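Visitor: Below is one structure. I have some questions about it.
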Amino acid sequence: MNNLKTQILTDDEIGIKSAAQIIKQGGIVAFPTETVYGLGANAFDSDACLKIYKAKNRAADNPLIVHISQISQLPELVKDIPKKAQILAEKFWGGPLTLIMKKSEKVPSTVTCGMDTVAVRLPRHPTAKRLIELAGVPIAAPSANLSGSPSPVTAQHCINDLTGRADAIINGDDCDCGVESTILLMTAEPPVLLRPGLVTVEEIEEAIGEIRIDKAVLNPLSDGRAVLSPGLKYKHYSPKARVITVEGESVDYINYVNKNADNDTLALCFENERDKIKSKAIAYGKENDGKSQAHGLFSALRLADEMGAQTVFAHCPDSHGAGLAVMNRLLRAAGFEKIKV
Ligand code: TXA
Ligand code: MG
């Protein structure tokens, strides 16, 4: 399915209205959110949601996140709202937090892949919110990349991946956060972090007390272990190059790269390290600044491919705050290949 005529729409009221019309008619549209671009369809239209899986080559057992524009849309999607979910929704929505709850009858199984839970998020990006409002329905949307490649954080990334595959792409600004939302499973007690994002563990625990961090956040899945989130099974965020994460102090990282790099390698480093690296290097953010690293990471991974790098030496960040999200994406891009220096 790559023969659609993909409209490029302006990120203004006229463009968003056209996008909403396409969604109402059962089409699929890429749109900006504060995290990454999403590829959306009417969440209540099973056939429309199926088109998303086809367009992305997404595995049929990897469920979609349902996006809403107001908390008042939540009750029709879920069986009940756990107290802690209510607290988190009030505190962090609109924003980069997805909450998984027991699904209502109304959510089709094409969205949830037959699971009895549904993931819901209320974004803060004005375009995403306006699109949902004008469409008049919740919008099911995974990230707007081809499955397996890094999530799109610019309209150009969507154009590269989805031309001929989506009905339209809203040509919006680059995404603020740069990594996907934090995902919390609220049907467990304590709730379980399935994917770290820019709403941090520290912030969540301050609001609702202790949570559990799923092992798969920082470790490869061991065979036979039950998977809480189907998406965790798939190698994500992956550029074509072999990515190796390098853990250690700046000076040791720089020494390692300068010793081991050749013409086909690329260093994915922090800003202060760039000039000290003798081979090809891209800075993906500031040291000790998880937010800036998150913002630059996926563009840097895509650039690594455009530059034809065979091997990427990525300097691994600290795992606290937003750094946990960056570390998680890097480890998955590397298929958990890491070295300590
Ligand atoms: O920031 C984001 O969350 C972006 C923007 C577009 O909102 N969306 C996004 O969607 O990252 P996606 O599909 O790329 O990632 C959603 C993840 C997948 O790993 C999926 O398996 C998991 O959420 N998921 C969805 N529904 C679930 C459920 N009911 N139970 C467990 N995991 C679920
Ligand atoms: Mg994705």
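For the sequence shown, numbering that gives the first Met the number 0 begins at 0 and goes up steadily by one.
From the three backbone atoms N, C-alpha and C, an ideal C-beta is built for every residue, glycine too.
Nothing here was measured: the structure is a model prediction, and the numbers come from that model.
1. Spatial neighbours of S228 within its chain, please: C-beta separation below 6 Å, excluding the five flanking residues on both sides.
2. Could you tell me which residues DSSP puts in a beta bridge with Q6?
3. Using DSSP bridges, identify the partner residues of H124.
4. Let me check understanding here. Comparing Cα to Cα, which of A127, L217 and I27 lies closest to Q6?
5. What residue does the alpha helix (DSSP H) around T111 start on, and which one ends it?
6. Measuring CB atoms only, is the stretch 157–176 touching the stretch 76–92, in the sense that at least three cross pairs come out at less than 8 Å?
7. Can you pull the DSSP bridge partners for H314?
8. Taking Cβ to Cβ, would you say M306 is nearer than 8 Å to L265?
9. Tell me, to the nearest whole angstrom, how far the beta carbon of L87 is from that of L96; I am working on the premise that it is less than 8 Å.
10. Since A140 and G37 are thought to touch, with beta carbons under 8 Å apart, how far apart are those beta carbons, to the nearest angstrom?
11. Out of N262, N259, S108 and E188, which has the shortest C-alpha to C-alpha gap to I207?
12. Less than 8 Å separating the beta-carbons of N170 and D10?
13. What is the C-beta distance between R273 and A282, in whole angstroms, given that I count them as a contact (C-beta under 8 Å)?
14. Residues in the same chain with beta-carbon distance under 6 Å from C157, minus the five sequence neighbours each way, listed in chain order, please.
15. For P219, count neighbouring Cβ atoms within 10 angstroms of its own Cβ and tell me buried if that reaches 16, exposed if not.
16. Which same chain residues, not among the five before or five after N327, have their C-beta less than 8 Å away from its C-beta?
17. I'd like the span of the alpha helix (DSSP H) that includes Y52, first residue to last.
18. For H156, write down the residues that DSSP places opposite it in a beta bridge.
19. From the DSSP output, read off the bridge partner residues of H294.
20. Along the chain, where does the alpha helix (DSSP H) that runs through K82 open and close?
21. What's the call for S221, buried or exposed, on a 16-neighbour Cβ count within 10 Å?
22. Looking at P31 and ligand 1, is the gap between the Cβ and the nearest heavy atom below 7 Å?
23. Please name the residue or residues paired with S335 in a DSSP beta bridge.
24. Taking the C-alpha atoms as reference points, what is the distance between G147 and L296?
25. Would you identify the three-state DSSP class for M326, choosing helix, strand or coil?
26. Among K83, I51 and W92, whose alpha-carbon lies nearest the alpha-carbon of T380?
27. Looking only at its chain, what residues have a beta carbon closer than 6 Å to the beta carbon of P149, apart from the 5 residues adjacent to it on each side?
28. Can you tell me whether A58 is buried or exposed, with buried defined as 16 or more other CB within 10 angstroms of its CB?
29. Measuring only from the beta carbon, is S237 closer than 7 Å to any heavy atom that is part of ligand 2?
Guide: According to the data block:
1. L193
2. A167
3. H124 is not bridged to any residue.
4. I27
5. S108 to T111
6. no
7. V245
8. yes
9. 6 Å
10. 3 Å
11. E188
12. yes
13. 5 Å
14. A29, Y36, A143, P151 and I168
15. exposed
16. R194, P195, V216 and L217
17. S45 to K55
18. In DSSP, H156 forms no bridge with anything.
19. None, per the DSSP bridge assignment.
20. K82 to F91
21. exposed
22. no
23. The sequence given here has Phe at residue 335, not Ser. None, per the DSSP bridge assignment.
24. 15 Å
25. helix
26. The structure shown does not extend to residue 380, since the chain spans only 0 to 340, so no value can be given for it.
27. Y236, F297, L300 and R301
28. exposed
29. no
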